[in-house]
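Reading through the structure tokens given below for one structure.
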Amino acid sequence: MTVAAHESIDSRINSLHSKLQITQAQEALWQKVAQVMRDNENTMHALRETRMSQMNNMSAMDDLKSYGQAADAHAEGIRKLTPVFQTLYDSMSDKQKKNTDLIFRTEHHDSAKKG
Numbered sequence: 477m478t479v480a481a482h483e484s485i486d487s488r489i490n491s492l493h494s495k496l497q498i499t500q501a502q503e504a505l506w507q508k509v510a511q512v513m514r515d516n517e518n519t520m521h522a523l524r525e526t527r528m529s530q531m532n533n534m535s536a537m538d539d540l541k542s543y544g545q546a547a548d549a550h551a552e553g554i555r556k557l558t559p560v561f562q563t564l565y566d567s568m569s570d571k572q573k574k575n576t577d578l579i580f581r582t583e584h585h586d587s588a589k590k591g
């Protein structure tokens, strides 16, 4: 993964850490979430790199298969993230949970508008 990609995922992780107001007691749980986020980004980055390197020679079927691989990897990443995030979420105070719910609703809506 490139330095820029590392900085991007680390920036997102640091931003989310701050926004979610992760406490010292939650830090070990957060580190597990952060690691899954990094692992997921590494997987997606590798798929993007492969896709980009083969783009000029892809048939329509190759393109669809490549897109399917990315969609499958994204879904698998969510499946991996969900249980570790659930453990973190369960450790949060009610105030943190409300804040987290708002952040996820807002950021997901903003992403959907852009995408």
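Going by the numbering used here, the first residue of the sequence shown is number 477, and it counts up by one from there.
Note that the Cβ used here is the ideal one computed from N, Cα and C, for glycine as well.
Source: prediction; values computed, not measured.
task: Could you say which of Leu-492, Trp-506, Ile-485 and Ala-510 lies nearest to Ser-567 if we only look at CA atoms?
output: Trp-506
Contacting residues, own chain, Cβ-Cβ under 6 angstroms from Gln-519 (five flanking each side not counted): Position check: residue 519 holds Thr in this sequence, whereas Gln was assumed. Hits under 6 angstroms: Ala-549.
- request: Please go through the same chain and pick out, in chain order, the residues whose beta-carbon is closer than 7 angstroms to the beta-carbon of Thr-563, but skip the five residues on each side of it.
  value: Cβ neighbours of Thr-563 beyond the five flanking positions: Leu-505.
field: Assigned exposure category for Glu-525 - 16 Cβ within 10 Å defines buried
entry: exposed
- request: Quick one: grab the DSSP three-state call for Thr-576.
  value: DSSP places Thr-576 in helix when its eight states are reduced to three.
- prompt: Would you say Ile-554 and Arg-514 are within 7 angstroms of each other, going by their C-beta atoms?
  reply: No, the Cβ-Cβ distance between Ile-554 and Arg-514 is not below 7 angstroms.
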